[in-house]
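Protein chains: 2
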Amino acid sequence: MTGTSASARQAGRGHRSGRRGGDSGTREAILAAARARFGDLGYDRTTIRGIAADAGVDAALVHHFFGTKDRLFVAAMRLPLHPRDLVEAALAAGSGEQGPGEHMVRTVLGAWDVAEMRAPFLGLLRSATTSEQAAAMLREFATGAILGRVAEAAEQAAGGRGRDAEYRAALVASQVLGLALTRYVLKLGPLARASDDDLAAAIGPTLDRYLSGDLG
Amino acid sequence: MTGTSASARQAGRGHRSGRRGGDSGTREAILAAARARFGDLGYDRTTIRGIAADAGVDAALVHHFFGTKDRLFVAAMRLPLHPRDLVEAALAAGSGEQGPGEHMVRTVLGAWDVAEMRAPFLGLLRSATTSEQAAAMLREFATGAILGRVAEAAEQAAGGRGRDAEYRAALVASQVLGLALTRYVLKLGPLARASDDDLAAAIGPTLDRYLSGDLG
DNA sequence: GTCTATAATCGGATAGAC
DNA sequence: GTCTATCCGATTATAGAC
Numbered sequence: 000m001t002g003t004s005a006s007a008r009q010a011g012r013g014h015r016s017g018r019r020g021g022d023s024g025t026r027e028a029i030l031a032a033a034r035a036r037f038g039d040l041g042y043d044r045t046t047i048r049g050i051a052a053d054a055g056v057d058a059a060l061v062h063h064f065f066g067t068k069d070r071l072f073v074a075a076m077r078l079p080l081h082p083r084d085l086v087e088a089a090l091a092a093g094s095g096e097q098g099p100g101e102h103m104v105r106t107v108l109g110a111w112d113v114a115e116m117r118a119p120f121l122g123l124l125r126s127a128t129t130s131e132q133a134a135a136m137l138r139e140f141a142t143g144a145i146l147g148r149v150a151e152a153a154e155q156a157a158g159g160r161g162r163d164a165e166y167r168a169a170l171v172a173s174q175v176l177g178l179a180l181t182r183y184v185l186k187l188g189p190l191a192r193a194s195d196d197d198l199a200a201a202i203g204p205t206l207d208r209y210l211s212g213d214l215g
Numbered sequence: 000m001t002g003t004s005a006s007a008r009q010a011g012r013g014h015r016s017g018r019r020g021g022d023s024g025t026r027e028a029i030l031a032a033a034r035a036r037f038g039d040l041g042y043d044r045t046t047i048r049g050i051a052a053d054a055g056v057d058a059a060l061v062h063h064f065f066g067t068k069d070r071l072f073v074a075a076m077r078l079p080l081h082p083r084d085l086v087e088a089a090l091a092a093g094s095g096e097q098g099p100g101e102h103m104v105r106t107v108l109g110a111w112d113v114a115e116m117r118a119p120f121l122g123l124l125r126s127a128t129t130s131e132q133a134a135a136m137l138r139e140f141a142t143g144a145i146l147g148r149v150a151e152a153a154e155q156a157a158g159g160r161g162r163d164a165e166y167r168a169a170l171v172a173s174q175v176l177g178l179a180l181t182r183y184v185l186k187l188g189p190l191a192r193a194s195d196d197d198l199a200a201a202i203g204p205t206l207d208r209y210l211s212g213d214l215g
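In order, the protein sequences belong to chains A and B. For the first sequence, position 126 (counting from the first letter as 1) is numbered 125 according to numbering that gives the first Met the number 0, and the numbering increases by one without interruption. For the second sequence, position 132 (counting from the first letter as 1) is numbered 131 according to numbering that gives the first Met the number 0, and the numbering increases by one without interruption.
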C-alpha cells in the first residue's frame, strides 16, 4: 500500500564509491519493506515471507540479516529521530505566535505526513494493542516525547502544582493517541477529512488546558 | 485472566425447567470463554483451540455452534446493551447537576468496570487496529453511541452551527477512545491510577467544549 | 551474500462415529 | 451434543550448498 518495494539505495557508509564488502542495498530494501508491512498490517499479520517478497529477496535472507521477527520489528520501528528531538525541533520553529497545544497538534500532524515517520507510528499503534513488547515501545515513546513538552510548560506556568506533570502529560498522550487512532487507523470520516488547521484549532486548547490549565 | 471458565448457566428460554432439547449450557460457556480470550488477546492471537480448552469442550464443538472464527467473534463482542441505550440509561440518571461531558466520562468509566462490557470493549479495541471487520464494528459503535449525545447537546446549545455535529462527535470519540487505549490497553501509569472523579474533572470539560463549545 | 531444502509447529476447518 | 481423527495451509526458523 505504501509501495516502496525496491527503492532506497545507498544508505550508509561514506567509504569510497563501489560496493563494500557486505553492503549491496538489500538490507535497506528489507528494512523499507518491513516498515511498510508492519505499518499496514501490524506485527501479527506481517509475515517474513511477505516482507521478503516485497524486497525481492528470499525469506532466509531476512533471517540472515536480522535474526528473529522480533528483532526485525524493533529495527524497522526505529524512528529517524529521537522523540525528544522531534519535540525540540518543532518547538524551535514558531514559538509564541500561538498556544503551545496548537503548535503541538500541528507538529504531530506534520510528523504523520512524512512517510518515514508514519509507517513506524502506524506499526507501533497497530501492534501495541496485542504485543506487550510493542506496547512498551509506544509507551516509552509517548511519554518520552511529551514529558519534555510538559516540563517546559510546567516551568513557565505553574508555581506549586508542577508535580502532577506526569498526569498532565498522560492526559495529553490520551488525546494525541486518540486522534491518531481515530484519524489514521479507524479512519472516522469527519476526522480523516478535517484539515490540519481545523484540528489544531479544535484540539490545541484541550492540550493547553491539560498542560497548564485548571483540572478541577 | 477474567476467569469465567465454566459459569453462566441457564441463560435463555423460559420453557419449563429441565434441560431443553439443545441447551446444555456449553454454548454459553464457549461464548464466555471467547469473550475473555478476545478481550485479552485480540482477534489474531485468540485461537479456537484455546477457547475450547477454557470452556472445557472440544474444539470441533465450537465450530459446530458458531461455524467460523469470524462469526464467533461477532457473537462474542455483542454487548448486552444497545449503544444508544447505554447513553440513554446514563443520561436518565443524574442530569443537570454537572456538565454533560463530566457525566459522560463517568458513564464510560462505569461501563468499563462491568466485566460483561469491559471484555467486548477490550476485544474490539485490540482487534480494530488490524482487522477491518472489527474496525467497522468499533466505528459503528463509537459513532452510534456518541451521536445520540451530540444530537441532544446540539439541540439545547447551538442555534445555527448544528451541522458540524458529526465532526464534534468524532472529536469526542477521539478523546474517549484515546482514554480507553491509554488507560486500559497501554496502561499508562498516571491514567491507570487516576480515580474516576479526577478523570471526570479533567476530561469532562474537554468533551463539553467539543460538544457545544467554540472550536476556533 | 544468496538461495534451496526442510524441520517443526500450529491453526482453522471438516467428516463422521457415537 | 459431543468427540476422534484428520486434512490442509501457512509460518518461523535453521542447516548447508553454491
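Beta carbons: idealized from backbone N, C-alpha and C, even for Gly.
In angstroms with no decimal places, state the Cα-to-Cα distance between residue 159 (chain A) and residue 214 (chain A).
The pLDDT assigned to residue 159 (chain A) is 49, lower than 50, so where the model puts this residue is not dependable, and the model offers no usable value.
Please report whether the beta-carbon of residue 122 (chain A) lies at a distance below 8 angstroms from any beta-carbon of chain B.
no
Kindly list, in the order they appear in chain A, the residues whose Cβ is closer than 7 angstroms to that of residue 43 (chain B).
Ordered by position in chain A, the residues that pass the 7 angstroms Cβ test against residue 43 (chain B) are 43, 44 and 129.
Give the straight-line distance between the Cα atoms of residue 126 (chain B) and residue 42 (chain B), rounded to the nearest whole angstrom.
Straight-line Cα distance between these residues: approximately 5 angstroms.
According to the neighbour-count rule (16 or more other Cβ atoms, all chains shown, within 10 Å of its Cβ), is residue 63 (chain A) buried or exposed?
exposed
Return the chain-ordered list of same chain residues with a C-beta closer than 7 angstroms to the C-beta of residue 57 (chain B), the five sequence neighbours on each side being excluded.
51
Same chain, Cβ closer than 6 angstroms to residue 121 (chain A), neighbours up to 5 away in sequence not counted:
Annotation for residue 121 (chain A): 38 place their beta carbon closer than 6 angstroms to its own, counting only its chain and skipping 5 residues before and after.
In chain A, what lies closer than 7 angstroms to residue 138 (chain B) by C-beta?
185 and 187
Assign residue 194 (chain A) to one of two classes, buried (16 or more other C-beta atoms within 10 Å of its C-beta) or exposed (fewer than that).
exposed
For the candidate residues B:178, B:169, B:199 and B:32, whose alpha-carbon lies nearest to that of residue 172 (chain A)?
B:178
Leaving out the 5 sequence neighbours to the left and right, which residues in its chain are closer than 6 angstroms to residue 239 (chain A) when beta-carbon positions are compared?
In the structure displayed, chain A extends from 0 to 215; residue 239 (chain A) sits before or after that span and is not available.
Restricting to runs no shorter than 4 residues, where is the alpha helix (DSSP H) found entirely within the region 125 to 163 of chain B?
131 to 155
Roughly how many angstroms separate the alpha carbons of residue 196 (chain A) and residue 205 (chain A), rounded to a whole number?
It is roughly 15 angstroms from the alpha-carbon of residue 196 (chain A) to the alpha-carbon of residue 205 (chain A).
Alpha-carbon to alpha-carbon, residue 100 (chain A) and residue 209 (chain B)
16 angstroms
Test item: CB-CB of residue 129 (chain B) and residue 44 (chain A) under 8 angstroms
yes
Determine the DSSP secondary structure at residue 106 (chain B), reduced to helix, strand or coil.
helix
Is there a C-beta anywhere in chain B that falls below 8 angstroms from the one on residue 97 (chain A)?
Contact of residue 97 (chain A) with chain B is not assigned, every C-beta pair being separated by 8 angstroms or more.
Against chain A, which members of the region 161 to 178 of chain B pass a CB distance test of less than 9 angstroms?
163, 165, 166, 167, 168, 169, 170, 172, 173, 174, 175, 176, 177 and 178
Tell me which residues share the same chain as residue 199 (chain B) and place their Cβ nearer than 6 angstroms to its Cβ, disregarding the 5 neighbours each side in the sequence.
Result list for residue 199 (chain B): 101, 104 and 105, in chain order.
Whole angstroms are fine: how far does the CA of residue 163 (chain B) sit from the CA of residue 7 (chain A)?
Any reading at residue 7 (chain A) needs caution, since the residue's pLDDT is 37, under 50, leaving its predicted position unreliable; the model's value is listed next. Cα to Cα, the separation comes out at about 43 angstroms.
Using DSSP with H/G/I as helix, E/B as strand and the rest coil, what is residue 46 (chain A)?
coil
Quick one: which chain B residues come within Cβ less than 9 angstroms of residue 66 (chain A)?
The premise fails here: residue 66 (chain A) is roughly 22 angstroms from chain B at the closest Cβ pair, so nothing lies under 9 angstroms.
Using a Cβ-Cβ cut-off of less than 9 angstroms, list which residues of the region 24 to 41 of chain B approach chain A; keep chain order.
40 and 41
Starting from the Cα of residue 153 (chain A), find the closest Cα among A:207, A:25, A:28 and A:131 and give me that residue.
Scanning A:207, A:25, A:28 and A:131 for the CA closest to the CA of residue 153 (chain A) turns up A:207.
Taking the alpha carbon of residue 73 (chain A) as the reference point, which residue from A:98, A:55 and A:34 has its own alpha carbon closest?
Nearest of A:98, A:55 and A:34 to residue 73 (chain A), Cα basis: A:34.
Any C-beta of chain A under 8 angstroms from that of residue 148 (chain B)
Not an interface residue.
How about residue 85 (chain A) and residue 118 (chain A): do their beta carbons lie closer than 8 angstroms?
no
Chain A contact residues for residue 214 (chain B), given Cβ-Cβ distances below 8 angstroms
197, 200 and 201
Can you list the residues of chain B that residue 125 (chain A) reaches, using a CB-CB cut of under 8 angstroms?
128 and 129
Whose C-beta lies closer than 6 angstroms to the C-beta of residue 82 (chain B) among residues of the same chain, with five residues either side of it excluded?
140, 143 and 144
Environment of residue 67 (chain A) [buried if 16+ CB atoms lie within 10 Å]
The residue in question, residue 67 (chain A), is exposed, as its Cβ has fewer than 16 Cβ neighbours within 10 Å.
For residue 49 (chain B), collect the residues of the same chain with a Cβ closer than 7 angstroms to its Cβ; drop the 5 residues on either side in sequence, then sort them by chain order.
Taking C-beta separations shorter than 7 angstroms and ignoring five residues to either side along the sequence, the partners of residue 49 (chain B) in its chain run 36, following chain order.
Residue interval of the alpha helix (DSSP H) (run including residue 81 (chain B))
That residue, residue 81 (chain B), is in no alpha helix (DSSP H); it is neither H nor E in DSSP.
Would you call residue 181 (chain B) buried or exposed, if buried means 16 or more other Cβ atoms sit within 10 Å of its Cβ?
buried
Using three-state DSSP, classify residue 215 (chain B) as helix, strand or coil.
coil
Identify the contact partners of residue 190 (chain B) in chain A, using a Cβ-Cβ distance below 9 angstroms as the criterion.
166, 169, 170, 172 and 173
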